[in-house]
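These notes concern the structure reproduced below.
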Amino acid sequence: MKIHDVSRTLLSAMALLCLQDMPAWAGPDSLGTHAAAPVVSPAPRPAGKASTRVIVNKGAVVRSSAILPADNLHVASADDMPSSTRQRENLGVNASALGSTWSEVRVVPTLDRLLGAMGGWRQRLSDAGFDFTLSYLAETVGNVAGGRRRGVDYSHQIVMGTDFDLEKMMGAKGLSFHMLGVQRAGRSVATDYLGVTGLTQPQEDYGVGGNVLYKLVYIYLEQKLFGGKLLVDVGHMPANLKFGTSYFACYALNNVTCAHPTALSAGTKWRSWPFSQWGMMARFNPGRHLYAQAGFFEASATEGGRAGFNFSFAPLGYVIPMELGWEPSLGRDRLTGHYKLGGYIDTSDHPDPFTAQDGTPILLSHRPARIERQRGAWYVGADQMVLRYGTAKDQGLILFGIAGWDMGASLPAQSQYTVGIISQGMFPARVTDAISLFWSWQNVNRKITRLQEMQADLGYERLHGGVRMPQASFQVVELTYTAFLTRGLKILPDLQYVIHPDATRTYPNALEAGFRLLAQF
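Going left to right, the sequence shown walks through residues -26 to -1, 1 to 495 as mature numbering (1 follows the signal peptide of the UniProt record, and there is no 0) numbers them.
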């Protein structure tokens, strides 16, 4: 095989995995269909140096020496090959805590699946245009000190998804179809033991599963145009599926941090997984590591219903998210970063929690609430690798942060600030392991606090929201270790320290301890 053939094979494999140019901040994206290609496995080397590569194609093994670019960090593994430390280093299997539920790692290398290549059937199906996602994520968290009382809860999420490349199947150039659902079950440590509200939710996978066998999260078509520079999605999906999210944030278990600031989405029509609504979005990549994207979604009254299959269209208004981003790769070491500025506008009507139509407090005048005709939020976020340990994807020291502010009297929160530091692959024999530290601070809507303060002054035993004291703010400090156990299996031991559970001082600060187990099939 000639060098130019090897280079073409390498480029095909990189496009296949959809990892080279995909943004870590894009959320569960759908650039996820990939074409068949021989498998290339490079050995670690300095940038720009010659290296020997082994190409595995239908049983043939060919060795070739060539110059490898410094950004050649992502390759696939051969069918049914064992998972060695060197292979893991070469592949850079991502430590993402949600694994294949995110598109950046949804088309997971064979090396990181429990079922492996399935005797070659996985690649044959992909060649025909069909890829699938199947993962099991369990979170067991206990309140070991502070809070309301001690105890342990378990919750899980099973993700089942399919991706159809309609170009391969029927020649529809650039067109693909994506469908994904979840099955959720378990109990919440937040309401059972930590406090009385789900405001500080230590288990990201808990809740709104509908208590059904399968809850549809999204079903949509995606069209790539102008060589992939423009992507258009149309279908039934969460409005913030690809806005304001980060898979780095999901190295944490707490829902406040993973996968986007809950202060901006909870109680809004800018809905998160697993809610869904009709809408469309477009993303334009002009080059120079820049992108711009915007969407137009219904402010849905049903949000997909209990099982996600309620496709009725009766909008209360419309949600318009927007986002600008820059995704550089800096210096000789290709220090990757993701920067974004975005927000949304919601045109649906919502009642003011404190002020009546005549400007008086509702609690005193008993008059109808003032109606807010428009609300929204904006955010600014970034992650940046500042030190690279090796050539594997995300193998380095990464700084992370996002801040968001709500604009509207009817929203439950006022603002949120999250910062973090992730060190992945610092141990030579554990290049896909990561240790992460996060801190989040969320503030409650000041109007809700004023209402509760007035209720307390009037002698109410239970205040708005079911709490006993006025809510103000809370903080979460979380330490997590992501450990690669074997192909397709990760475990994340976790500690969380919650300051002011429920955003009140009713219960003492609490220590949560537990773990997340992720199996990708």
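We put the beta carbon where it would ideally sit given N, CA and C, even for glycine. No experiment lies behind these values; they were computed from the predicted model shown.
Counted within 10 angstroms of its Cβ, other Cβ atoms place residue i as buried (16 or more) or exposed
i: residue 385; result: buried
i: residue 486; result: buried
i: residue 255; result: buried
i: residue 402; result: exposed
i: residue 243; result: buried
i: residue 210; result: buried
i: residue 144; result: exposed
i: residue 444; result: buried
i: residue 322; result: buried
i: residue 52; result: Low confidence applies to residue 52: its pLDDT is 30, below 50, so where it sits in the model is not reliable, and the reading given next is rough at best. It counts as buried.
i: residue 316; result: buried
Best match in the options for proximity to residue i [C-alpha to C-alpha]
i: residue 107; options: 113, 94, 88, 117; result: 88
i: residue 298; options: 374, 269, 387, 424; result: 269
i: residue 142; options: 255, 466, 104; result: 104
i: residue 201; options: 148, 172, 317; result: 148
i: residue 120; options: 345, 163, 97; result: 163
i: residue 275; options: 292, 403, 264, 262; result: 292
i: residue 413; options: 205, 432, 373, 435; result: 373
i: residue 226; options: 481, 418, 411; result: 411
i: residue 347; options: 381, 209, 154, 317; result: 381
i: residue 405; options: 377, 90, 289, 367; result: 367
i: residue 129; options: 296, 92, 157, 215; result: 157
Close-in-space but distant-in-sequence residues of the same chain around residue i (CB under 6 Å, 5 per side omitted)
i: residue 46; result: Low local confidence applies: a pLDDT of 32 at residue 46 is under 50, so the model's placement there is unreliable, with the coordinate-based value given in what follows. So the list is empty, once near-sequence residues are dropped.
i: residue 110; result: 132, 493
i: residue 424; result: 328
i: residue 259; result: 203, 265
i: residue 491; result: 112, 465
i: residue 478; result: 441, 443, 445
Three-way DSSP call (helix, strand, coil) for residue i in this model
i: residue 240; result: coil
i: residue 209; result: strand
i: residue 139; result: strand
i: residue 475; result: helix
i: residue 368; result: coil
i: residue 311; result: strand
i: residue 486; result: strand
i: residue 326; result: strand
i: residue 339; result: helix
i: residue 247; result: coil
i: residue 267; result: strand
i: residue 434; result: coil
Sequence-distant residues of the same chain with beta carbon closer than 8 Å to residue i, five excluded per side
i: residue 474; result: 446, 447, 448, 449, 483
Cβ pair residue i, residue j closer than 7 Å
i: residue 183; j: residue 189; result: yes
i: residue 177; j: residue 113; result: yes
i: residue 213; j: residue 283; result: no
i: residue 356; j: residue 313; result: yes
i: residue 319; j: residue 279; result: no
i: residue 408; j: residue 456; result: yes
i: residue 160; j: residue 191; result: no
i: residue 481; j: residue 169; result: yes
i: residue 469; j: residue 453; result: yes
Any non-hydrogen atom of the ligand ADP closer than 6 Å to residue i Cβ
i: residue 432; result: In terms of ligand content, the structure shown is empty, and the ligand ADP therefore cannot be addressed.
Own chain, CB closer than 7 Å to residue i, minus 5 neighbours either side, in chain order
i: residue 361; result: 370, 371
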